[in-house]
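Working notes, beginning with the structure itself.
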Amino acid sequence: MSEPLTTSELVRQLAESKTGGFTESIARLRARTDLVDAARAALSGGQELERVLVLLAMRGLEAREAQDLMLSALGDGSAQVRAMAARGLALAPRQVAWGRLVQVLADVDSTVRRQAMESLARIDTSAAGALLGERYAHVSESERLTLLDVASEEATPEWLSLARQGLADELPSIRVAAVAAMAAVEGPSADRALVAALQDVDEEVRVAAVEALTPRDTLFEEPFLALLADVSPTVRMRALQALLRRGTTAGLEALIPLLEDPVPQLRKMAILAIGELGCGAAIPRLIDEARRATDAEERASLVTALGALGARDGEPVLQAALQDASARVRTSAVVAWPRIVGASRALAPLRGLLRGDPDWQVRSQAALALTGAASAADEDLAVALTRDVDPRVRSAAAGVLADRAGVEVDAALVKALSDPEPEVRLKAVRALGRRLVSEARSDLLALEATEPRRDVRAEVRLALSRLEQDRTGVEDDERPERELFDPAGLGVAFATWVRDPDWYPVSDRLVFYREGELESIDLEEQVQVHDYSVDVGHLRLRRPGTPQLLTAFHVERTTWPTSEQGEQPCYRLELHTDVLTGSGHPRVFYCFDVR
1 MSEPLTTSEL VRQLAESKTG GFTESIARLR ARTDLVDAAR AALSGGQELE RVLVLLAMRG
61 LEAREAQDLM LSALGDGSAQ VRAMAARGLA LAPRQVAWGR LVQVLADVDS TVRRQAMESL
121 ARIDTSAAGA LLGERYAHVS ESERLTLLDV ASEEATPEWL SLARQGLADE LPSIRVAAVA
181 AMAAVEGPSA DRALVAALQD VDEEVRVAAV EALTPRDTLF EEPFLALLAD VSPTVRMRAL
241 QALLRRGTTA GLEALIPLLE DPVPQLRKMA ILAIGELGCG AAIPRLIDEA RRATDAEERA
301 SLVTALGALG ARDGEPVLQA ALQDASARVR TSAVVAWPRI VGASRALAPL RGLLRGDPDW
361 QVRSQAALAL TGAASAADED LAVALTRDVD PRVRSAAAGV LADRAGVEVD AALVKALSDP
421 EPEVRLKAVR ALGRRLVSEA RSDLLALEAT EPRRDVRAEV RLALSRLEQD RTGVEDDERP
481 ERELFDPAGL GVAFATWVRD PDWYPVSDRL VFYREGELES IDLEEQVQVH DYSVDVGHLR
541 LRRPGTPQLL TAFHVERTTW PTSEQGEQPC YRLELHTDVL TGSGHPRVFY CFDVR
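All letters in the sequence shown, in the order written, are residues 1 to 595 by my numbering.
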């Protein structure tokens with residue numbers, strides 16, 4: 001049996017190891033009672049990585065011997081070692097470390113100087129802010145950038161004086177960094193400094209100031225409105241985006257001059273902003289612009305804005321847009337038209353576009369626009385579902401017909417069970433099951449026997465189950481598995497849980513089916529199928545020829561932040577142990593598509 005390693009031997013072994021596990025290595029060293037002695041030996045004659053390891057391990061030790069070793073390491077020949085020593089002293093008492101760290105601010109290596117700044121701030125942020133503020137005027141450009149970066153990380157009022165010096169710097173790159181440092185601090189003093197930066201002669205500084213001020217709810221809109229006339233197109237664009245993000249409602253007349261902006265993208269965004277923010281004063285101007293615009297994208301934006309504003313005076317313009325040569329314009333007009341004239345007057349033009357427009361997007365949008373329309377639209381929607389050449393139009397029609405009643409609607413949905421597009425079949429099956437169309441039973445049974453898609457088969461079986469319950473009057477038992485395949489209790493046949501909603505569909509995901517099957521799909525779209533069941537808060541997974549898998553799990557309602565729509569409601573599933581990959585760690589998934 002081999003002798004256990006001494007601490008010095010362990011240091012050398014860990015330094016030579018190629019397998020990683022740095023955190024574990026530090027923990028092993030900190031557990032040694034003679035760490036300080038081994039560190040003294042390593043710092044006097046060990047390899048660079050050995051010296052780094054012992055300094056990391058000693059960080060936070062209260063023993064004065066350890067602190068003295070870190071102080072001595074500030075004179076090491078290796079910049080990496082000196083930086084690590086400076087980092088370690090951040091947790092030392094002020095009377096021990098402050099003076100030496102101040103001296104290290106003159107080190108020849110920028111990384112060492114940066115680490116000394118951060119450690120000084122950790123020891124006493126107020127004193128460090130004052131000290132580094134005094135140094136600001138006497139250091140190089142790169143050093144000033146470092147000072148401002150540290151100030152940004154500290155994000156406390158004590159560092160505002162340093163940021164103010166940066167805002168007065170002659171170099172634009174420094175002033176941009178100073179804006180970032182000022183933006184990190186909340187309060188009226190920082191607000192005033194950032195508003196002043198909106199008048200900077202440099203475009204990048206003004207842009208940085210706009211972006212810094214945009215999320216500040218306490219700020220009035222006037223500074224952003226004034227920037228809509230800035231000489232820089234980039235600044236005008238950022239200011240307009242800021243007003244949109246803030247949902248500005250006052251002073252919107254300042255948007256109208258942007259309709260003449262020489263930058264097409266800015267004009268288009270201004271048009272959409274006028275509609276979204278509700279600038280009714282711009283309606284006459286929008287109508288004039290729509291009549292003379294030659295660019296199809298701009299005409300589409302103008303039509304969208306007029307619809308959003310409910311501009312009754314724009315009715316002739318929108319009526320002409322329904323027949324525009326551009327499909328993009330016609331699509332926008334389909335959305336805007338009912339908002340202007342009402343559902344009843346919009347019915348005839350929308351039916352005509354659904355039947356005869358050559359572009360699938362126009363027909364699809366026309367179908368969606370007929371949601372809630374009078375029963376006269378049923379025939380056109382049924383024809384679109386069963387005869388349109390584009391599956392996207394048929395899918396839109398199926399979704400609308402799902403909420404409409406009538407024999408003609410039922411017949412169209414039954415016919416759609418044989419549609420070549422799986423999404424159309426899925427919507428038709430779901431609608432028939434929810435509507436309890438008993439006449440569809442034989443067609444559903446036939447589809448169950450031939451359907452290649454697992455999700456469609458799951459919906460077919462759910463629809464047949466509902467029809468059987470309706471016939472017999474026997475309710476389906478509440479099963480514990482429901483929170484996995486139907487977390488919202490909406491009566492769906494399956495639920496998709498994604499690992500990372502921001503990357504969906506390029507994300508690991510789980511699909512739980514009502515019938516007791518689970519699909520686990522990885523990033524390479526490799527699929528594993530398990531039978532699953534729930535037993536007192538535990539998920540059991542079974543596959544033929546493999547051991548049973550078991551993990552506790554928990555489902556809860558939560559939200560997920562999105563950039564365009566804010567916090568979106570969803571469900572969170574935590575597997576306490578990731579038995580699917582065998583990592584042994586917890587794993588979390590989210591479910592949005594519960595309808």
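Positions of the beta carbon are idealized from the N, C-alpha and C atoms, including for glycine.
Separation of residue j from residue i, as counted between CA atoms
{"i": "Glu481", "j": "Pro487", "result": "9 Å"}
{"i": "Gly88", "j": "Ala106", "result": "18 Å"}
{"i": "Ala597", "j": "Gln365", "result": "Limits of the chain in this structure are 1 at one end and 595 at the other, which puts residue 597 out of reach."}
{"i": "Met84", "j": "Ala254", "result": "54 Å"}
{"i": "Leu436", "j": "Asp378", "result": "19 Å"}
{"i": "Gln115", "j": "Ala493", "result": "57 Å"}
{"i": "Met1", "j": "Thr23", "result": "Confidence is the limiting factor: at Met1 the pLDDT is only 43, short of 50, which leaves the residue's position unreliable, though a coordinate-based value still follows. If you take the alpha carbons of Met1 and Thr23, they lie about 28 Å apart."}
{"i": "Ala242", "j": "Ala273", "result": "11 Å"}
{"i": "Ser418", "j": "Arg454", "result": "16 Å"}
{"i": "Asp262", "j": "Met237", "result": "According to the sequence shown, residue 262 is Pro rather than Asp. Cα-Cα distance, rounded: 12 Å."}
{"i": "Arg328", "j": "Ser301", "result": "9 Å"}
{"i": "Val429", "j": "Asp410", "result": "11 Å"}
{"i": "Gln568", "j": "Val498", "result": "14 Å"}
{"i": "Pro223", "j": "Arg466", "result": "60 Å"}
{"i": "Asp531", "j": "Ala416", "result": "31 Å"}
{"i": "Trp337", "j": "Arg387", "result": "25 Å"}
{"i": "Leu286", "j": "Arg292", "result": "10 Å"}
{"i": "Asp502", "j": "Pro561", "result": "9 Å"}
{"i": "Pro505", "j": "Glu524", "result": "11 Å"}
{"i": "Arg595", "j": "Gln469", "result": "Note on Arg595: pLDDT 49, under 50, position unreliable in the model; the coordinate value appears next. So the alpha carbons of these two residues sit roughly 21 Å apart."}
As assigned by DSSP and simplified to three states, the class of residue i
{"i": "Phe592", "result": "coil"}
{"i": "Pro561", "result": "strand"}
{"i": "Asp37", "result": "helix"}
{"i": "Gln528", "result": "strand"}
{"i": "Thr551", "result": "strand"}
{"i": "Tyr513", "result": "strand"}
{"i": "Arg216", "result": "coil"}
{"i": "Leu49", "result": "helix"}
{"i": "Met1", "result": "Because the pLDDT at Met1 is just 43, under 50, the model does not fix this residue reliably, and the value given afterwards should be weighed accordingly. Three-state result, Met1: coil."}
{"i": "Asp607", "result": "Because the chain here runs from 1 to 595, residue 607 falls outside it and cannot be looked at."}
{"i": "Ser326", "result": "coil"}
{"i": "Ser142", "result": "helix"}
{"i": "Arg32", "result": "coil"}
{"i": "Val534", "result": "strand"}
{"i": "Glu154", "result": "helix"}
{"i": "Glu423", "result": "helix"}
Where the beta strand (DSSP E) through residue i begins and ends
{"i": "Glu567", "result": "Gly566 to Leu575"}
{"i": "Leu598", "result": "Any question about residue 598 goes unanswered here, given that the chain covers just 1 to 595."}
{"i": "Trp598", "result": "The question about residue 598 has no answer here: the residues shown for the chain are numbered 1 through 595."}
{"i": "Trp497", "result": "Phe494 to Val498"}
Cut-off 6 Å between Cβ atoms - residues of its own chain near residue i, not counting five sequence neighbours on either side
{"i": "Gly60", "result": "Leu91"}
{"i": "Ala402", "result": "Ala431"}
{"i": "Ala333", "result": "Val303, Leu318, Ala321 and Leu322"}
{"i": "Gln13", "result": "none"}
{"i": "Ser25", "result": "Leu14"}
{"i": "Glu126", "result": "It should be pointed out that residue 126 corresponds to Ser in this sequence rather than to Glu. Excluding sequence neighbours, Ser126 sits near Glu158."}
Near the ligand ADP: residue i beta-carbon under 8 Å from a heavy atom
{"i": "Phe224", "result": "No copy of the ligand ADP occurs in the structure displayed, which carries no ligand at all."}
Spatial neighbours of residue i in its chain, beta-carbon cut-off 8 Å, leaving aside the 5 residues before and after
{"i": "Gln265", "result": "Met237"}
{"i": "Asp324", "result": "Ala296, Arg299, Arg330 and Ala333"}
{"i": "Ser142", "result": "Ser110"}
{"i": "Ala596", "result": "With the chain running from 1 to 595 in the structure shown, residue 596 is simply not present."}
Residue span of the alpha helix (DSSP H) that contains residue i, given as start and end
{"i": "Ile271", "result": "Pro264 to Leu277"}
{"i": "Glu260", "result": "Careful: Glu260 lies outside any alpha helix (DSSP H) and carries neither H nor E."}
{"i": "Gly99", "result": "Arg94 to Val104"}
{"i": "Pro284", "result": "Ile283 to Arg292"}
{"i": "Leu370", "result": "Counting along the chain, Leu370 falls outside any alpha helix (DSSP H), and DSSP gives it neither H nor E."}
{"i": "Leu225", "result": "Glu222 to Leu227"}
{"i": "Thr581", "result": "That residue, Thr581, is in no alpha helix (DSSP H); it is neither H nor E in DSSP."}
{"i": "Ser72", "result": "Arg64 to Ala73"}
Anticipated Cβ contact below 8 Å, residue i with residue j, distance rounded
{"i": "Arg246", "j": "Thr218", "result": "So it is not a contact: roughly 11 Å between Cβ atoms."}
{"i": "Ala384", "j": "Arg392", "result": "Wrong, their Cβ atoms sit about 11 Å apart, outside the cutoff."}
{"i": "Gly314", "j": "Arg339", "result": "About 10 Å; that fails the 8 Å criterion."}
{"i": "Leu464", "j": "Leu445", "result": "7 Å"}
Contacting residues, own chain, Cβ-Cβ under 7 Å from residue i (five flanking each side not counted)
{"i": "Lys268", "result": "Glu297, Glu298 and Ser301"}
{"i": "Leu580", "result": "Ser520"}
{"i": "Thr111", "result": "Ala79 and Ala83"}
{"i": "Glu574", "result": "Phe553, His554, Pro586 and Val588"}
{"i": "Tyr136", "result": "Arg144, Leu147, Leu162 and Gln165"}
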